[in-house]
Ligand SMILES: [Zn+2]
């Protein structure tokens with residue numbers, strides 16, 4: 001199944017597919033208001049901005065930066081939430097409440113040990129955010145994740161097992177709140193790997209010192225074994241099953257973040 005290039009007006013919720021009144025998701029929703037309360041202008045200085053980097057299937061990367069004041073621009077109505085059992089009002093906000101307590105200290109750079117349950121909370125939140133991100137960042141965005149992946153999150157309250165999610169830590173020079181999204185078109189080299197998904201999407205969220213990244217494809221693949229942790233990142237999905245201590249041994253700097261946010265660079269060469 002291919003990814004869709006045309007964004008049709010959403011008639012149903014992207015998670016539960018119920019045709020209900022949809023709430024408008026804004027860029028501000030992506031960086032929740034609790035992030036604003038932690039990363040205050042006093043803490044960050046006046047130059048806080050939000051930066052978007054996307055790379056389309058043609059491999060051309062484009063960047064766009066907004067000053068903090070304009071990020072609340074309305075982008076899309078994608079999830080249901082007007083009723084008490086709507087996705088936004090129910091499980092999405094509950095997840096946001098759970099993750100807030102976990103991420104607050106890490107956003108400010110305080111070391112934290114994460115249990116498997118806490119890793120799952122962060123991973124589910126990151127998966128949900130990256131799925132919403134596909135719909136709210138402009139009509140030129142490619143929708144990579146299949147409906148089955150969003151349905152899985154809605155039904156099971158956990159990320160698809162094939163979605164790779166990892167966390168890192170950064171010492172940034174003035175880029176405290178960032179979202180990167182890259183779309184990769186995975187081309188078949190020969191008939192031998194015909195099962196290769198058509199597209200992959202890599203979303204990287206930077207909240208202060210904390211970095212979380214999801215990598216998913218246009219096919220909902222079977223579960224894969226957990227990947228090993230790296231020197232500069234910790235894998236939280238597929239679940240490694242043990243407590244992990246954040247931050248990892250090596251902190252990212254700004255150049256390291258750019259490399260981290262482009263995991264297929266060794267393949268694409270750009
Ligand atoms: Zn819904």
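In my numbering, the protein residues as written are 1 to 270. Glycine included, C-beta positions come from ideal geometry on N, C-alpha and C. Just so it is clear, the structure is predicted and the values come from calculations on it, not from any experiment.
(message) I need the boundaries of the beta strand (DSSP E) containing residue 11, first residue and last residue.
(response) By one-based count along the chain shown, residue 11 stands at place 11. Premise fails: residue 11 is in no beta strand (DSSP E) and is neither H nor E.
(request) Following the continuous alpha helix (DSSP H) through residue 123, name the residue where it begins and the one where it ends. (result) Numbered from its first residue, the chain shown carries residue 123 at position 123. Residue 123 -> alpha helix (DSSP H) spans 116-136.
(message) Is the separation between the beta-carbon of residue 149 and that of residue 160 shorter than 8 Å?
(response) Taking the first residue of the chain shown as position 1, residue 149 is located at position 149. Taking the first residue of the chain shown as position 1, residue 160 is located at position 160. Against a cut-off of 8 Å, the Cβ pair of residue 160 and residue 149 comes out as a contact.
(request) Following the continuous beta strand (DSSP E) through residue 95, name the residue where it begins and the one where it ends. (result) The sequence position of residue 95 within the chain shown is 95, counting from 1. From DSSP, residue 95 is part of no beta strand (DSSP E) but of the alpha helix (DSSP H) over 93-107.
(message) I'd like the span of the alpha helix (DSSP H) that includes residue 268, first residue to last.
(response) Here residue 268 refers to the residue found at position 268 when the chain shown is read from its first residue. Per DSSP, residue 268 belongs to the alpha helix (DSSP H) from 265-268.
(request) At 4 residues or longer, and completely inside the region 223-262: list those alpha helix (DSSP H) runs for me, N to C. (result) Taking only runs of at least 4 residues, the alpha helix (DSSP H) segments lying wholly in the region 223-262 are 254-260.
(request) Report the rounded CA-to-CA distance for residue 11 versus residue 100, giving the unit in angstroms. (result) Position 11 of the chain shown, counted from the first residue, corresponds to residue 11. Position 100 of the chain shown, counted from the first residue, corresponds to residue 100. Each residue's alpha carbon lies about 30 Å from the other.
(message) For the alpha helix (DSSP H) containing residue 164, name the first residue and the last one.
(response) Here the question's residue 164 lines up with position 164 in the chain shown. Per DSSP, residue 164 lies in no alpha helix (DSSP H); the unbroken beta strand (DSSP E) holding it starts and ends at 164-169.
(request) For residue 207, write down the residues that DSSP places opposite it in a beta bridge. (result) For the purposes of this step, residue 207 is taken as the residue at position 207 of the chain shown. Partner(s): 177 and 210.
(request) Determine the direct distance from the alpha carbon of residue 214 to that of residue 104, and round the result to whole angstroms. (result) Against the chain shown, residue 104 aligns to sequence position 104. Against the chain shown, residue 214 aligns to sequence position 214. Taking the straight line from one Cα to the other gives about 20 Å.
(message) Looking only at its chain, what residues have a beta carbon closer than 7 Å to the beta carbon of residue 157, apart from the 5 residues adjacent to it on each side?
(response) One-based indexing of the chain shown puts residue 157 at position 157. Hits under 7 Å: 91 and 124.
(message) Given this structure, state the Cα-to-Cα distance separating residue 206 from residue 177, to the nearest angstrom.
(response) Against the chain shown, residue 206 aligns to sequence position 206. Against the chain shown, residue 177 aligns to sequence position 177. Those two C-alpha atoms are separated by around 5 Å.
(request) Go to residue 147, then tell me how far its alpha helix (DSSP H) extends in each direction, as first and last residue. (result) Translated into positions along the chain shown, residue 147 becomes position 147. Residues 147-156.
(request) Let me know the secondary structure DSSP gives residue 198 once reduced to three states. (result) The residue given as residue 198 occupies position 198 in the chain shown. Of the three classes helix, strand and coil, the one that applies to residue 198 here is coil, per DSSP.
(request) Grab me the residues of residue 89's own chain with a C-beta within less than 6 Å of its C-beta, minus the 5 sequence neighbours each way, in chain order. (result) Here residue 89 refers to the residue found at position 89 when the chain shown is read from its first residue. 81, listed in sequence order.
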